[in-house]
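Line by line, the protein sequences are chains D and B.
For the first sequence, the tail end lands on 210 under our numbering, and the numbers increase by one without skipping.
For the second sequence, the tail end lands on 210 under our numbering, and the numbers increase by one without skipping.
Protein chains: 2
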Amino acid sequence: MNEEGQDARDATPVRSRGGRKRDPTRDDDILDATLDVLAEVGYAGLTTDLVAARAQAGKATMYRRWHTKDDLILDAVRKMKRDFTLPDRLPDTGTLRGDLVGLIRDENLIDGDRTLGVMAAMTEVVARHPGIADTVHDIVHCPWAAVQEAVMRRARDRGEIPPSARVETVSQVMASMAAYRVMIQRRVVDRPFLEGLIDDVILPALHADR
Amino acid sequence: MNEEGQDARDATPVRSRGGRKRDPTRDDDILDATLDVLAEVGYAGLTTDLVAARAQAGKATMYRRWHTKDDLILDAVRKMKRDFTLPDRLPDTGTLRGDLVGLIRDENLIDGDRTLGVMAAMTEVVARHPGIADTVHDIVHCPWAAVQEAVMRRARDRGEIPPSARVETVSQVMASMAAYRVMIQRRVVDRPFLEGLIDDVILPALHADR
DNA sequence: CGGTTCCGAAACTGATAAGTACCATATCGC
DNA sequence: GCGATATGGTACTTATCAGTTTCGGAACCG
Chain D
1 MNEEGQDARD ATPVRSRGGR KRDPTRDDDI LDATLDVLAE VGYAGLTTDL
51 VAARAQAGKA TMYRRWHTKD DLILDAVRKM KRDFTLPDRL PDTGTLRGDL
101 VGLIRDENLI DGDRTLGVMA AMTEVVARHP GIADTVHDIV HCPWAAVQEA
151 VMRRARDRGE IPPSARVETV SQVMASMAAY RVMIQRRVVD RPFLEGLIDD
201 VILPALHADR
Chain B
1 MNEEGQDARD ATPVRSRGGR KRDPTRDDDI LDATLDVLAE VGYAGLTTDL
51 VAARAQAGKA TMYRRWHTKD DLILDAVRKM KRDFTLPDRL PDTGTLRGDL
101 VGLIRDENLI DGDRTLGVMA AMTEVVARHP GIADTVHDIV HCPWAAVQEA
151 VMRRARDRGE IPPSARVETV SQVMASMAAY RVMIQRRVVD RPFLEGLIDD
201 VILPALHADR
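This is the structure in structure tokens:
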């Protein structure tokens with residue numbers, strides 16, 4: 001697991017004396033521009049000049065905050081991750097299906113051009129930097145599998161599904177297939193797809209009595 | 001679907017007259033070297049000099065056959081695809097589990113450093129060239145899902161699984177989760193993993209009576 | 001004010017790598 | 001043999017781009 005909220009952005013360094021203050025709003029502008037460019041031309045196509053132009057920022061302004069291009073991109077990915085929030089509290093509808101459907105929130109669907117593009121670019125990042133793969137896996141995949149496993153385990157405890165259900169394995173299905181769908185198939189991850197997964201694969205697999 | 005056997009390799013051009021013949025064995029040597037380099041340093045790290053050195057070939061020899069670096073790489077990927085063969089005939093063991101397990105062949109496991117590396121590099125290629133994603137999907141994913149769907153459908157016809165089983169959806173599970181596992185999680189796709197998938201997800205999902 | 005640090009913009013530097021040109025040599029058809 | 005085209009090797013050209021520097025100006029602090 002990865003520490004929450006860490007980023008590669010330089011904290012304002014040792015201020016010997018006064019001087020113009022760093023404009024904190026430029027940080028977000030630059031990160032947003034980075035995500036835009038990432039979605040449009042991908043990781044390989046992204047250049048610092050492109051980002052600077054998009055953000056109407058000087059490159060010095062960027063390099064004052066992030067020492068390398070990769071620092072910038074990783075921070076941008078972390079920023080985007082904050083939009084993919086998990087529910088602060090697990091849904092508790094009384095039925096497993098209700099809980100699983102309740103986990104799907106509009107913010108987490110991947111059906112816009114930009115989100116789709118950024119996710120595709122993330123595939124490149126992951127492929128290029130194996131170390132990053134772990135981070136992305138930790139911040140995107142693991143939490144999802146974890147909450148699903150939680151609601152499944154609860155359903156097993158209250159007897160809704162048999163004790164033989166392989167919760168540990170089945171809880172990986174949705175995150176895996178959603179990732180595959182967006183990264184390789186490049187198709188949207190919308191409500192019908194996810195609910196179809198729940199009804200046609202996950203619930204039948206868990207309900208099977210062996 | 002993609003036409004079988006097409007490649008970007010230049011056919012020997014208009015032979016006005018005699019001259020030394022092109023050595024066809026260099027084609028495979030160079031493609032093999034390309035896959036080696038791809039597995040070791042990935043798509044972004046691959047340079048034509050690296051490939052030439054590995055193949056003990058001159059760059060002119062390479063560029064005489066492939067006009068661009070991407071042509072070469074795409075051809076190498078196509079060559080590798082030929083190793084991932086499907087069984088020429090569907091297994092028919094009498095049980096669904098037997099058939100599914102019978103589809104797993106040693107050549108299709110992804111548990112070597114080289115295969116793992118090439119698959120990771122393919123992720124980069126796919127991310128960079130969306131058009132290629134379709135090709136990879138067509139030649140790798142679709143055939144697998146298709147043969148699985150075939151054996152599942154047969155099991156449904158003979159009453160081994162209920163008619164309500166969502167064969168179309170479940171047949172995608174194995175290919176998706178295997179691809180996700182190797183590309184994102186970078187873990188081996190070996191027999192225990194695939195059989196676990198069959199026993200813990202696929203068969204329970206298909207056997208569930210609804 | 002004045003020193004300091006910021007800002008956007010643009011020019012510059014240095015490294016990397018695709019693709020080409022050329023070499024000496026080898027092998028083909030005639 | 002002879003011309004044509006192949007081979008591995010190397011040097012070259014050219015473009016791109018990360019990262020640095022410079023510049024005119026703006027904002028902060030005392």
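C-beta atoms are modelled at their ideal positions from N, C-alpha and C, and glycine is treated no differently.
Is the Cβ of Ser171 (chain B) closer than 8 Å to any Cβ of chain D?
no
Pull up the distance between the alpha-carbon of Leu194 (chain B) and that of Ala178 (chain B), whole angstroms please.
8 Å
From D:Val188, D:Arg158, D:Ile184, D:Met152, pick the residue whose C-alpha is nearest to that of Ser213 (chain D); which is it?
Here chain D comprises residues numbered 1 to 210, so residue 213 (chain D) is not present and cannot be evaluated.
What first and last residue would you give for the alpha helix (DSSP H) that runs through Ala60 (chain B)?
59 to 65
Between D:His141, D:Pro130, D:Thr95, which has its C-alpha nearest Gly159 (chain D)'s C-alpha?
D:Thr95
Along the segment 32 to 50 of chain B, where does the CB come closer than 9 Å to a CB of chain D? Name the residues.
Gly42, Tyr43, Ala44, Gly45
Could you tell me the alpha carbon to alpha carbon distance between His141 (chain B) and Ser176 (chain B), rounded to whole angstroms?
8 Å
Secondary structure at Val189 (chain B), three-state DSSP: helix, strand or coil?
strand
Distance, Cα to Cα, Ile184 (chain B) vs Lys21 (chain B)?
44 Å
What ranges does the alpha helix (DSSP H) occupy inside the segment 92 to 169 of chain D, keeping only unbroken runs of at least 4 residues that lie completely in it?
96 to 103, 113 to 128, 130 to 136, 142 to 157
Applying the criterion that 16 or more other CB atoms from any shown protein chain within 10 Å of the CB defines a buried residue, is Gly117 (chain D) buried or exposed?
buried
My output table needs one value for Ala175 (chain B): the three-state DSSP class, helix, strand or coil.
helix
In whole angstroms, what is the alpha-carbon distance linking Val188 (chain B) and Pro91 (chain D)?
34 Å
Between which two residues does the alpha helix (DSSP H) carrying Arg54 (chain B) extend?
48 to 55
Where Ile184 (chain B) meets chain D, residues with beta-carbon distance less than 7 Å
Val126, Ala133, His137, Ala179
Which residues in chain D have a C-beta closer than 8 Å to the C-beta of Thr68 (chain B)? List them in chain order.
The premise fails here: Thr68 (chain B) is roughly 15 Å from chain D at the closest Cβ pair, so nothing lies under 8 Å.
For Pro204 (chain D) versus Ala44 (chain B), is the C-beta distance shorter than 8 Å?
no
Assuming Ile104 (chain B) contacts Arg191 (chain B) under a Cβ cut-off of 8 Å, what Cβ separation, rounded to an integer in Å, is found between them?
6 Å
For Asp10 (chain D), which three-state DSSP category applies?
coil
One question on the structure: do Arg54 (chain D) and Ala39 (chain D) come within less than 8 Å of each other, judged by their Cβ atoms?
no
Can you list, in chain order, the residues of its chain with a C-beta nearer than 6 Å to that of Ala76 (chain B)? Leave out the 5 residues immediately preceding and following it.
Leu31, Thr34, Leu35
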